[in-house]
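Novice:
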Amino acid sequence: MNTLVIARQPTSPAERLRDAAATALIALLLGIPMIGLTTVDQGGVLRVASRWPALLAFVAACFAGRLLLRYASDLLRARRLARETAAEATTGARPAAGGALLTGIGWAALAVALLLPIVFSDNRYVVDTATTVLIYVMLGWGLNVVVGLAGLLDLGYVAFYAVGAYTYGLLSTQLGWGFWQALPVAGAMAAAFGIILGWPTLRLRGDYLAIVTLGFGEIIRVILVNWTEMSGGPNGITSIPRPSFFGLPFKPPGDAPTFASFFGLDYSPNQRLIFLYYLILGLALLTNLFVSRMRRLPAGRAWEAMREDEIACKAMGINARNVKLSAFAIGAMLGGFAGVFFAARQGFISPESFTFNESAIILAIVVLGGMGSQLGVVLASLVLVLLPELGRDFAEYRMLLFGAAMILIMIWKPGGILAHREPTLRHRRPGDGR
Amino acid sequence: MALALQQLINGLTLGAVYGLIAIGYTMVYGIIGMINFAHGDIYMVSAFIAVTAFTLLAGFGISSIPLALLLVLLVAVLFTSVYGWTVERIAYRPLRGSTRLAPLISAIGMSIFLQNMVQLTQGARVKPISPVLVGGIDLLTIDGFTVRLAYTQILIVIVTIALMAAFTWLIGSTSFGRQQRSCEQDRTMTALLGINVDRTISLTFMLGAALAAVAGVMVTVYYGVVDFFIGFVAGIKAFTAAVLGGIGSLPGAMLGGLLIGLIEAFWAAYLSAEYKDVATFSILILVLMFRPSGLLGRPEVEKV
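Read top to bottom, the protein sequences are chains A and B. In this text, residue positions in the first sequence follow our numbering: the first is 1, and each later residue adds one. In this text, residue positions in the second sequence follow our numbering: the first is 1001, and each later residue adds one.
#1: Report whether the distance from the Cβ of A1166 of chain B to the nearest heavy atom of the ligand HEM is below 7 Å.
#2: Give the residues from the stretch 1077-1088 of chain B that approach chain A closer than 7 Å (Cβ to any Cβ), ordered along the chain.
#3: In terms of residues, what are the limits of the beta strand (DSSP E) holding F1145 of chain B?
#4: Can you give me the C-alpha to C-alpha distance between V291 of chain A and L1020 of chain B, rounded to a whole angstrom?
#5: Using beta carbons (cut-off 8 Å, strictly below), is S1106 of chain B in contact with chain A?
#6: Pull the bridge partners of G1136 of chain B from the DSSP assignment, please.
#7: Go ahead and label K314 of chain A buried or exposed: buried means 16 or more other beta carbons lie within 10 angstroms of its beta carbon, across all protein chains shown.
#8: If you check the beta carbons only, do S359 of chain A and G176 of chain A fall under 8 Å apart?
#9: Is the number of C-beta pairs between the stretch 61-69 of chain A and the stretch 10-29 of chain A that are closer than 8 Å three or more?
#10: Output the residue ranges of the beta strand (DSSP E) runs that lie fully inside the stretch 57-131 of chain A and measure 3 residues or longer, sorted by chain position.
#11: Under 7 Å between beta-carbons, which chain B residues line up against V377 of chain A? List them in chain order, please.
#12: Say whether the stretch 1060-1068 of chain B touches the stretch 268-275 of chain A, bearing in mind that this needs 3 or more beta-carbon pairs closer than 8 Å, one atom from each stretch.
#13: Which value, in whole angstroms, describes the spacing of the CA atoms of T1200 of chain B and R1181 of chain B?
#14: Measuring straight from C-alpha to C-alpha, what distance separates A96 of chain A and T1026 of chain B?
#15: Rounding to the nearest angstrom, what Cα-Cα distance links I1285 of chain B and P200 of chain A in this structure?
#16: May I ask you to list the residues that DSSP assigns as paired with L41 of chain A?
#17: Report the CB separation of A343 of chain A from Y168 of chain A in whole angstroms; it is logged as a contact under 8 Å.
#18: Going along chain A in order, which residues have a C-beta closer than 8 Å to the C-beta of Q1122 of chain B?
#19: Please confirm if N226 of chain A has its CB atom under 8 Å from at least one CB of chain B.
#20: Compare the Cα-Cα distances from G215 of chain A to each of B:K1237, B:F1229 and B:I1195 and report the closest residue.
#21: For R94 of chain A, which residues of its own chain have a beta-carbon under 8 Å away from its beta-carbon, when the five flanking residues on both sides are left out?
#22: Give me whichever residues DSSP pairs with P1128 of chain B in a beta bridge.
#23: According to a CB-to-CB cut-off of less than 7 Å, which residues of the stretch 1259-1279 of chain B neighbour chain A?
#24: Identify the contact partners of R1125 of chain B in chain A, using a Cβ-Cβ distance below 9 Å as the criterion.
#25: Is T1026 of chain B close to chain A, meaning its C-beta is less than 8 Å from at least one C-beta of that chain?
#26: Counting along the chain, where does the alpha helix (DSSP H) carrying V1072 of chain B start and finish?
#27: Which one of B:I1009, B:V1087, B:G1033 and B:F1290 has the shortest CA to CA distance from A1209 of chain B?
#28: Tell me, please, whether the CB atom of G142 of chain A is closer than 8 Å to any CB atom in chain B?
#29: Report the three-state DSSP secondary structure of T1141 of chain B (helix, strand or coil).
#30: On the DSSP bridge assignment, give the partners of I1158 of chain B in chain order.
#31: Going by other Cβ atoms of all chains shown within 10 Å of its Cβ, with 16 needed for buried, is T91 of chain A buried or exposed?
#32: Any idea what DSSP makes of I240 of chain A, helix, strand or coil?
#33: Using a Cβ-Cβ distance under 8 Å, would R47 of chain A count as near chain B?
#34: List, in chain order, every chain A residue whose beta-carbon is nearer than 7 Å to that of T1168 of chain B.
#35: Among B:E1264, B:A1002, B:M1001 and B:L1014, which one has its Cα closest to the Cα of A1215 of chain B?
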C-alpha cells in the first residue's frame, strides 16, 4: 500500500467528554422548543405546558450516545488500521459474497408465502395482513425499477398507484368492466401518465425530477379531491366489484354458480381472502420475474449504467432520455397494477389512501431494503407493515423511525442493508480454467 | 378593479413569505448543489416555535406588540438556525462526496423525521393563536368593495425588504459573503486558500434557516393557525419560486417568490381556489420544460 495514511491520534477521554458536552448543548437547544415546551388547547385558548424531565432524558441520551459513538468509532478505526497493516503482509483473499445464501433465503420466503394461507386458512387476520405486505412488496418492486435500478428519485409514486386504482374504480362502476379487463388498461394509463410527466423533466438533473414528482403526486390528489363529478371527491368511489375466479364470484350460494358451489365446497368468506392473497402473490411474482428478466436485457442494463454514470452512458451512445423514460413508465405501470388490486380488494377508494405519506412509505421500503435488491424490498415491507401491528406505540413512531432510518442507512450503507451490486461482466484472466 | 388591487396586496404579502423561504433553497443549492428537502419543515418548526413563544409571552403579560414581535423573532431565529445547523451536520455533511442519490434520500428522510417529530411532540391538531396584530388601513372603496391593507401585511413587506437589504449587503460586501460565494464557485480551491469550507456551509444552512424562521413567524402572525403539515406545500411552492427565479440566484428567489404569490392570489380570486396549488406546480413543470435556468439564472453546464 503506497498511499499515505494519516492516522488520526486516538482522542483522549477529556476530548471525548468535551465533544459529548457540545452535543448535549445542541440537543438542549433543539429540545427546548420541541420537547421541553409544548402548547395545549384549553377551551380554545393555548396554554404552554412544560416537559422538563423528558427534555433532560433526551439531552442525557444525546450525551451518552455521542460519547459511545466516539469511543466505538475510535476503537473501530484503530482496529481497521491494524488490519490494514496486517493485510499488507498477507494480501489474503476477500471472503466470497453471500449471494448463494440470499438466493436460498429468497426461495425459502417464496415457500413460506405459498404455504401461508393453507396453514392459516381460518385466520382472517394473518391472511389479510399478509396481503397488505404483498401490496407493499409489489409497490416496492415497482418503485425499485425507478429508484433502485435507474437511480431516479420518484417522490410521487403514489400518484401512479392512484391512477391505477381510480381507473379500475371508474371502469368497473361506470362501464361494468371486470378486474382482468381493467388491469392492462389501468397499467397502460399509469404508464401514459408516467411518460407525460417524465418527458419534460427527465432530461433535467435528478433533483428536479424529485421535486416535480412530489408536485405531481400532490396535483393528482388535489384533482381527485376536487373533481367531484369524476372521482366522487373526498367520498371516493364505493362498491367497486371484487375480482371473480374466472367468472365465478365469491358469494353465498345463490342462483348463479359461485366459486363454492362450482367446486362443491362449503361457502366461507375466507375463500375470497385467500384468493385475493394468491392473486397479489401472483402479480408480485410476475413483477419480480419481469424485473429480473429486464435487468438482463440491454434496456435494463442501460438503466443501471445510467444510474452509475450518466455522462459515460451518453458518450457510449445511449439515449439517456429514452432509457430513463422506459424505467419511469415501467415503474408507473407496475404501480398502476398494484392500484387496481388495491381498489379491487378494498372495494372502496378515496383520496385519503393516496397521500404523500404513502409515497414516503414506499420509498422507505426501497431505500431500507437496499436499492436494487428484490429480497431487501420483501424484508423491508414485512418490517414496515408488521411494526405498526405490534402496538399503537409502534404505529405512532413508525414514520419517525423510518425517517431516521433513511438518513442513517444513507450514511452507513448508501446501497441499503441488503445491497449486493453484482458486476454484470467480470474480467476473466486467460488460464483461469473456466 | 378593487378586487384586483386587493389580490395584488395579498399576493405580494404571500410572495414575500415564499421569497424568504426560497432564499434558503437557492443558497443551499448554490453552495452544495442539492435540494434541501427539509427546508420547508424547518420553516414549519419555526412556526411552532413562534406559537409557543407568543403563548409564553402572553402568559408573562407582555402586551407591547413591537416588543413581543421582536422577542419572538429573536427566539425563533435562534432556535431555528440551530435546527438548520443540525440538519446539515447530521444528514448532509457525512454524505458529501457520496452517490448522487444519497443526499436526496437523506434529505427526504430528514423531512419525514421533522414532520413526525413535530406531530408527536406538539400534537397533530391545528394550533390557533390569539391575534397578535389586528386592524389595518382602508385604502379606498369602489362599488362597496373596500380595499384593505392589514397591519400584518405592512409588517411582512417591511421586514422582508429590510432583510433583503441586509442580506444583499451580507453576501455582497462582507468577508463571510465573499467566502460563501467562493465556496459556490469552487469548494476545493476555496479550501486550498485557507477558508473553512465546512464552517461556511454550516453558516449558509443557518442563514437559510434564519430566513425561514422569519417567514414562519410572519405566517403565524398573518394566518394565526399552524399545523405540522404546512412545511410540505410551502416548501414546494418556495422551491418553485427558486426555480422560477433561477436557482442559485438570490434576487431571482425573491422575484420568483413574488411572482408565485401573485399568480396564486389571482388564480384563487378569478379562476378557482381549489386548484391554486395545481397552478403553482404546473408552473414548476412548465418552467423546467422551457426555461430550466429560470428568469435570472445562468444555464448550467455539466462537466465530467
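Built from N, CA and C at the ideal position, the CB exists for glycine as well. These numbers come from a predicted model, not from an experiment.
Specialist: Reading off the structure:
#1: Within the structure as shown, the ligand HEM is missing, as the structure has no ligands at all.
#2: F1079, V1082, Y1083 and T1086
#3: Here residue 1145 of chain B refers to the residue found at position 145 when the second sequence is read from its first residue. Start and end: F1145 to A1150.
#4: As a first step, residue 291 of chain A is located in the first sequence; it is residue number 291 there, counting from the start. As a first step, residue 1020 of chain B is located in the second sequence; it is residue number 20 there, counting from the start. Whole-angstrom Cα-Cα distance: 44 Å.
#5: For this step, residue 1106 of chain B is matched to residue 106 along the second sequence. Yes, because at least one Cβ of chain A sits closer than 8 Å to the Cβ of S1106 of chain B.
#6: The residue given as residue 1136 of chain B occupies position 136 in the second sequence. Bridge partners of G1136 of chain B: B:A1150.
#7: Within the first sequence, numbered from 1, the residue matching residue 314 of chain A stands at position 314. Classification of K314 of chain A: exposed, given that the 10 Å Cβ count is below 16.
#8: Looking up residue 359 of chain A in the first sequence gives position 359. Looking up residue 176 of chain A in the first sequence gives position 176. Not closer than 8 Å, so no.
#9: Counting Cβ pairs under 8 Å, three or more are found: they touch.
#10: Within the stretch 57-131 of chain A, no complete beta strand (DSSP E) run reaches 3 residues.
#11: Position 377 of the first sequence holds residue 377 of chain A. By Cβ distance, chain B contributes nothing, its closest Cβ being about 15 Å from V377 of chain A, past 7 Å.
#12: Contact between the stretch 1060-1068 of chain B and the stretch 268-275 of chain A is absent, because fewer than three Cβ pairs lie under 8 Å.
#13: On the second sequence, position 200 is the one that residue 1200 of chain B refers to. On the second sequence, position 181 is the one that residue 1181 of chain B refers to. Computed Cα separation, rounded: 10 Å.
#14: As a working note, residue 96 of chain A is residue 96 in the first sequence. As a working note, residue 1026 of chain B is residue 26 in the second sequence. In this prediction, A96 of chain A scores a pLDDT of 46, lower than 50, which makes its location untrustworthy; the coordinate-derived value is nonetheless stated afterwards. Distance between the alpha carbons of A96 of chain A and T1026 of chain B is about 46 Å.
#15: Indexing the second sequence from 1 puts residue 1285 of chain B at position 285. Indexing the first sequence from 1 puts residue 200 of chain A at position 200. Going by the C-alpha atoms only, they are around 8 Å apart.
#16: Stepping through the first sequence from its first residue, residue 41 of chain A is reached at position 41. Inspection of the sequence shows that residue 41 of chain A is occupied by Asp rather than by Leu. For D41 of chain A, which the question treats as bridged, DSSP gives the partners A:L46.
#17: By 1-based counting over the first sequence, the position of residue 343 of chain A is 343. By 1-based counting over the first sequence, the position of residue 168 of chain A is 168. Yes, they are in contact, since the Cβ atoms of A343 of chain A and Y168 of chain A sit about 5 Å apart, within 8 Å.
#18: As a first step, residue 1122 of chain B must be located in the second sequence, where it is residue number 122. Those are M34, T38 and T39, listed as they occur along chain A.
#19: One-based indexing of the first sequence puts residue 226 of chain A at position 226. So yes, N226 of chain A belongs to the interface.
#20: Position 215 of the first sequence holds residue 215 of chain A. The residue with the shortest Cα to Cα distance from G215 of chain A is B:K1237.
#21: Translated into positions along the first sequence, residue 94 of chain A becomes position 94. Any answer about R94 of chain A is weak, because its pLDDT of 45 lies below 50 and its placement is not dependable; what the coordinates show is given next. So the list is empty, once near-sequence residues are dropped.
#22: Within the second sequence, numbered from 1, the residue matching residue 1128 of chain B stands at position 128. DSSP lists B:V1225 as partners of P1128 of chain B.
#23: Taking 7 Å as the upper bound on Cβ-Cβ separation, chain A lies near residues E1274, Y1275, D1277 and V1278 of the stretch 1259-1279 of chain B.
#24: Taking the second sequence and counting its residues from 1, one reaches residue 1125 of chain B at position 125. Residues of chain A passing the Cβ test: D41.
#25: Here residue 1026 of chain B refers to the residue found at position 26 when the second sequence is read from its first residue. By this cut-off, T1026 of chain B is not an interface position.
#26: Translated into positions along the second sequence, residue 1072 of chain B becomes position 72. I1065 to V1087 is the extent of the alpha helix (DSSP H) around V1072 of chain B.
#27: In the second sequence, the residue the question calls residue 1209 of chain B occupies position 209. Among B:I1009, B:V1087, B:G1033 and B:F1290, the Cα nearest to that of A1209 of chain B is on B:V1087.
#28: Mapped onto the first sequence, residue 142 of chain A falls at position 142. Chain B, which has no Cβ nearer than 8 Å to the Cβ of G142 of chain A, makes this no.
#29: Looking up residue 1141 of chain B in the second sequence gives position 141. Three-state DSSP puts T1141 of chain B in a strand.
#30: One-based indexing of the second sequence puts residue 1158 of chain B at position 158. For I1158 of chain B, which the question treats as bridged, DSSP gives no partner whatsoever.
#31: Counted from its first residue, the first sequence places residue 91 of chain A at position 91. Confidence at T91 of chain A is low in this model, with a pLDDT of 47, below 50, so the placement of that residue is unreliable and no value is reported for it.
#32: The residue labelled residue 240 of chain A in the question sits at position 240 within the first sequence. In the three-state scheme derived from DSSP, where H, G and I count as helix and E and B as strand, I240 of chain A is classed as coil.
#33: Looking up residue 47 of chain A in the first sequence gives position 47. True, the Cβ-Cβ gap to chain B drops below 8 Å.
#34: As a first step, residue 1168 of chain B is located in the second sequence; it is residue number 168 there, counting from the start. Correct list: empty, because the minimum Cβ distance to chain A is about 26 Å.
#35: For the purposes of this step, residue 1215 of chain B is identified with residue 215 of the second sequence, where counting begins at 1. Residue nearest to A1215 of chain B within the set B:E1264, B:A1002, B:M1001 and B:L1014 is B:L1014 (criterion: CA-CA distance).
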